[in-house]
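S.K.: Numbering (UniProt numbering), first residue to last: 1 to 404. The beta carbon of each residue, even a glycine, is placed where N, CA and C say it ideally should be. Remember, it's a predicted structure, so these values are computed and weren't measured experimentally.
#1: As a quick exercise: from 135, 99, 158, pick the residue whose alpha carbon is nearest that of residue 125.
#2: Need the endpoints of the alpha helix (DSSP H) that residue 67 sits in, please.
#3: Am I right that residue 249 and residue 26 are in contact with their C-beta atoms under 8 Å? What's the rounded C-beta distance?
#4: In the DSSP assignment, what residue or residues form a beta bridge with residue 271?
#5: Cα separation between residue 100 and residue 379?
#6: Buried or exposed, going by whether 16 or more other CB atoms sit within 10 Å of the CB of residue 184?
#7: Please report the Cβ distance between residue 411 and residue 29, rounded to the nearest whole angstrom; I am assuming they are in contact, meaning their Cβ atoms lie under 8 Å.
#8: Using 8 Å for Cβ pairs, my map puts residue 97 next to residue 70. What's the rounded Cβ distance?
#9: Look at the Cβ atom of residue 65, then the Cβ atom of residue 273, and state whether they are nearer than 7 Å.
#10: Less than 7 Å between the beta carbons of residue 94 and residue 79, yes or no?
#11: Using 7 Å as the threshold, is the C-beta distance between residue 280 and residue 10 below it?
#12: Determine the DSSP secondary structure at residue 127, reduced to helix, strand or coil.
#13: Along the chain, which unbroken stretches of the beta strand (DSSP E) at least 3 residues long are found entirely within the segment 16–85?
#14: Please classify residue 176: does DSSP put it in a helix, a strand, or coil?
#15: Is residue 14 helix, strand or coil by DSSP?
#16: State the beta-bridge partners of residue 324 as determined by DSSP.
#17: Would you report the Cα separation of residue 178 and residue 302, rounded to the nearest angstrom?
#18: Mapping DSSP to helix, strand and coil, what is residue 381?
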């Protein structure tokens with residue numbers, strides 16, 4: 001994990017200790033930031049079945065595309081956060097990484113006490129947000145089209161083009177008092193998060209200064225967010241949270257509604273991750289802010305689950321080792337609050353119908369290579385799911401007990 005659970009990218013933002021190695025590709029690709037170890041360890045060690053991490057604004061989602069893993073940022077409030085350190089009580093939740101959709105289904109079903117798993121059918125609508133598509137990289141967009149086409153084929157519906165901005169303009173909430181969406185939410189998410197991030201370490205900074213008679217060293221990323229956070233007044237903070245609540249209620253009432261039949265009447269497809277190599281020895285740009293309507297913040301501010309699904313491998317020529325490698329390509333699904341398990345089962349069923357693998361390998365390749373548009377073949381060695389391993393161990397234990 002990075003210092004202060006921050007979005008520090010390797011290598012020049014990791015100052016006091018070294019970023020873990022990403023086992024994918026040439027092993028010199030960035031594993032992203034924050035919960036990097038949770039991603040790299042699961043991508044590298046067969047004996048590790050799951051990893052967990054907190055997510056404020058991407059800590060469970062950002063490492064997954066880089067390390068080629070399934071992951072889910074669950075619905076806000078899905079589990080009790082008592083005793084768990086948080087960056088922001090308004091954003092934080094605990095999520096999981098998995099190498100198998102079946103395993104992810106198992107751990108989510110057995111660890112989140114506030115999530116319902118019963119539903120009768122899958123959603124009948126796919127929302128395609130034009131603020132995020134088409135993607136700038138043509139190859140990544142073509143792969144995304146395959147992913148969305150696979151989902152359309154499974155659900156038997158075509159995507160619905162959707163614009164956050166245009167829908168807001170057509171039917172704005174009265175609380176916004178006529179302000180455009182991007183203006184109304186301009187600072188809402190990032191400034192509120194930075195406020196919590198700064199004040200969450202008040203006691204630590206005070207105790208450090210008292211003990212050592214000096215300020216603590218923090219990276220440029222942490223300092224940037226602390227500088228913003230300390231300038232946000234309590235009144236401004238409360239206002240930002242209210243803005244997020246207004247947006248959340250408006251979106252939930254009009255676009256992705258929880259239902260007893262489906263748990264979510266629609267799914268929102270969202271991109272996540274970069275298509276091009278991100279070498280860990282490249283210098284990083286200076287830290288910056290993020291808009292509220294961004295891939296980092298949509299699911300947190302909606303209190304909604306977001307499922308990361310690696311489904312393709314894009315080729316690149318590595319300047320590190322001089323050979324062709326591949327990097328994972330992912331897409332994500334967002335549903336209504338409480339639809340976590342439904343999203344996983346939807347992805348599993350859709351992948352199975354398309355004959356796409358639902359289990360991921362450790363090491364250099366996420367999936368075996370194949371000569372197709374996704375560069376993905378079927379794994380030759382299908383490892384057991386966690387539940388199957390557990391059942392097998394229990395069976396052996398029972399046999400031993402019977403022999404005694």
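M.R.: The answer reads as follows:
#1: One-based indexing of the chain shown puts residue 125 at position 125. Of the listed residues, the one whose Cα sits closest to residue 125 is 158.
#2: Here residue 67 is taken as the residue at index 67 of the chain shown, counted from 1. It spans 63–67 - the alpha helix (DSSP H) in which residue 67 sits, taken as one unbroken run.
#3: In the chain shown, residue 249 corresponds to position 249, counting from 1. In the chain shown, residue 26 corresponds to position 26, counting from 1. About 46 Å separates the two Cβ atoms, so there is no contact after all.
#4: In the chain shown, counting from the first residue as 1, residue 271 sits at position 271. Answer is 331.
#5: In the chain shown, the residue the question calls residue 100 occupies position 100. In the chain shown, the residue the question calls residue 379 occupies position 379. Computed Cα separation, rounded: 12 Å.
#6: Counting from one through the chain shown, the residue named residue 184 turns up at place 184. Answer is buried; the Cβ neighbour count reaches 16.
#7: Shown here, the chain extends from 1 to 404; a query on residue 411 therefore has no answer.
#8: Along the chain shown, one-based indexing puts residue 97 at 97. Along the chain shown, one-based indexing puts residue 70 at 70. Contact holds; Cβ gap of about 7 Å.
#9: Indexing the chain shown from 1 puts residue 65 at position 65. Indexing the chain shown from 1 puts residue 273 at position 273. Cβ distance < 7 Å, so residue 65 and residue 273 count as in contact.
#10: Within the chain shown, residue 94 is the residue found at index 94, counting from 1. Within the chain shown, residue 79 is the residue found at index 79, counting from 1. Contact: yes.
#11: Here residue 280 is taken as the residue at index 280 of the chain shown, counted from 1. Here residue 10 is taken as the residue at index 10 of the chain shown, counted from 1. In this structure, residue 10 lies closer than 7 Å to residue 280 by Cβ.
#12: Stepping through the chain shown from its first residue, residue 127 is reached at position 127. Here residue 127 sits in strand by DSSP.
#13: 50–55, 70–73
#14: By 1-based counting over the chain shown, the position of residue 176 is 176. Three-state DSSP puts residue 176 in a helix.
#15: On the chain shown, position 14 is the one that residue 14 refers to. If DSSP states are grouped into helix, strand and coil, residue 14 belongs with coil.
#16: Taking the chain shown and counting its residues from 1, the one referred to as residue 324 is at position 324. Residue 324 is bridged to 317.
#17: Within the chain shown, numbered from 1, the residue matching residue 178 stands at position 178. Within the chain shown, numbered from 1, the residue matching residue 302 stands at position 302. Each residue's Cα considered, the two are about 21 Å apart.
#18: Within the chain shown, numbered from 1, the residue matching residue 381 stands at position 381. The predicted position of residue 381 is uncertain, since its pLDDT is 49 and thus under 50; a value taken from the coordinates is nonetheless stated next. In the structure shown, residue 381 sits in coil (DSSP, three-state: anything other than H, G, I, E or B).
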